[in-house]
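Numbering (our numbering), first residue to last: 113 to 431.
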């Protein structure tokens with residue numbers, strides 16, 4: 113997928129802004145196209161692209177250059193094969209929610225492109241991020257111990273929680289939920305009436321059983337569920353978009369799976385998670401230590417605003 117194809121609607125909507133009249137003199141080499149005698153200039157197009165995508169692209173390129181500089185400093189080489197491996201890793205993750213017969217390369221590519229588009233990212237930005245990750249992965253050194261593997265096995269195949277939950281989008285509706293529960297109404301009935309989760313709501317809020325490490329369930333919900341006693345209702349839990357309350361129905365015993373039979377699967381899962389954490393930590397450290405000077409005045413202002421917003425967000429996420 114070419115990123116410039118996504119700019120088609122932008123170019124059409126801004127054609128008049130890009131074009132100069134037939135009498136206007138474009139700088140030598142500055143004309144990109146002539147539309148009914150009107151000149152589309154490179155300068156104007158670049159201005160619009162900078163306004164629309166400049167800050168995000170600058171962020172991606174900055175992080176890539178920091179990662180490249182660090183691998184070079186350590187004498188590590190990153191090849192195109194390493195970048196391709198990152199792409200294949202991303203494709204493999206798309207298969208997690210697919211049935212085996214559905215997990216064709218074509219379907220995984222389609223799912224990946226949908227994820228990229230839903231996040232408002234162009235393919236050009238995504239490929240820059242993959243190249244950056246290839247460099248960061250070279251910087252990660254993680255050795256898996258037998259003890260750590262067995263701990264991961266216990267978390268993955270161990271005890272599971274069965275919970276009901278009510279999910280709503282705003283606190284006013286959550287207060288109505290809490291009021292109903294405080295008056296002794298059955299949790300399942302409250303979930304059917306109030307929950308905005310279209311899958312669990314009609315089932316009285318019941319979720320599929322999950323372990324403490326089940327990544328399909330938001331971390332905040334997992335942590336709360338495994339702190340509850342049977343029959344206990346949690347405090348209000350805030351995730352990215354919703355408010356929740358949980359009721360623990362029961363705990364299920366560990367699965368009857370031998371460690372030796374799933375050792376490779378457990379190690380791959382553990383390594384993937386820890387590598388992601390270490391890569392994020394390395395990148396954050398490189399960025400904090402870097403001296404970044406933005407020369408373009410407009411981009412500099414937007415960049416500084418982004419840094420201030422990121423700092424506030426980071427503070428609010430700290431426990």
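Just so you know, even glycine gets a beta-carbon here, dropped at the ideal spot from N, CA and C.
Note that the coordinates shown come from a computational prediction; the quantities given were computed from them, not determined experimentally.
- Nearest in C-alpha terms to residue 196, of all of 333, 243, 366, 219, is 243.
- Judged by beta-carbon spacing, residue 280 lies within the 7 Å limit of residue 355, meaning their Cβ atoms are closer than that value.
- Put simply, of 239, 338, 149, 249 the residue whose alpha carbon is nearest the alpha carbon of residue 274 is 338.
- Residue 392 and residue 351 have their alpha carbons spaced roughly 21 Å apart.
- Of 149, 359, 265, 418, the smallest CA-CA separation from residue 406 is found for 418.
- The three-state secondary structure of residue 323, taken from DSSP, is strand.
- Just measuring C-alpha positions, the residue of 306, 299, 170, 403 sitting nearest residue 284 is 306.
- CA-CA distance, residue 353 to residue 219, rounds to 28 Å.
- Residue 192 is classed as exposed because its beta carbon has fewer than 16 other beta carbons within 10 Å across all chains shown.
- DSSP, reduced to helix, strand and coil, places residue 189 outside both helices and strands of the structure shown, so it counts as coil.
- Around the beta carbon of residue 206, 16 or more other beta carbons lie within 10 angstroms, which makes this residue buried.
- Spatial neighbours of residue 378 in its own chain (CB-CB distance under 7 Å, excluding positions within 5 residues in sequence) are listed in chain order as 261, 264, 265, 268.
- Contact annotation: residue 321 and residue 272 have beta-carbon atoms nearer than 7 Å.
- Residue 423 and residue 409 have their alpha carbons spaced roughly 21 Å apart.
- Within the region 256-343, the runs of beta strand (DSSP E) that reach at least 3 residues and sit entirely inside it are, in chain order, 272-280.
- Remark: three or more beta-carbon pairs, one from each stretch, lie closer than 8 Å, so the region 243-258 and the region 179-186 are flagged as touching.
- When Cβ pairs closer than 8 Å are counted between the two stretches, the region 359-375 is seen not to touch the region 141-156, the count staying below three.
- DSSP places residue 363 within a strand segment (E or B) once states are collapsed to three.
- Boundaries of the alpha helix (DSSP H) harbouring residue 395: 371-401, taken from the DSSP string.
- One thing to note: residue 358 has its Cβ within 7 Å of the Cβ of residue 336.
- Burial check for residue 333: the Cβ neighbour count within 10 Å reaches 16 or more, so the residue is buried.
- Going by beta carbons, residue 173 and residue 183 fall outside the 7 Å limit.
- Per DSSP, reduced to three states, the secondary structure at residue 220 is helical.
- Burial is judged here by how many other beta carbons sit within 10 angstroms of a residue's own beta carbon; residue 254 has fewer than 16 and is exposed.
- Looking at the DSSP output, residue 348 shares a beta bridge with no other residue.
- Straight through space, the alpha carbons of residue 344 and residue 290 are spaced by roughly 14 Å.
- Its Cα nearest to that of residue 376, the residue 256 stands out among 256, 327, 168.
- For residue 145, the three-state secondary structure derived from DSSP is strand.
- Contact check for residue 313 against residue 300 fails: the beta carbons are separated by 7 Å or more.
- For residue 161, the secondary structure class from DSSP, reduced to helix, strand or coil, is helix.
- The Cβ atoms of residue 414 and residue 167 lie closer than 7 Å to each other.
- Note that the C-beta distance between residue 383 and residue 318 is not below 7 Å.
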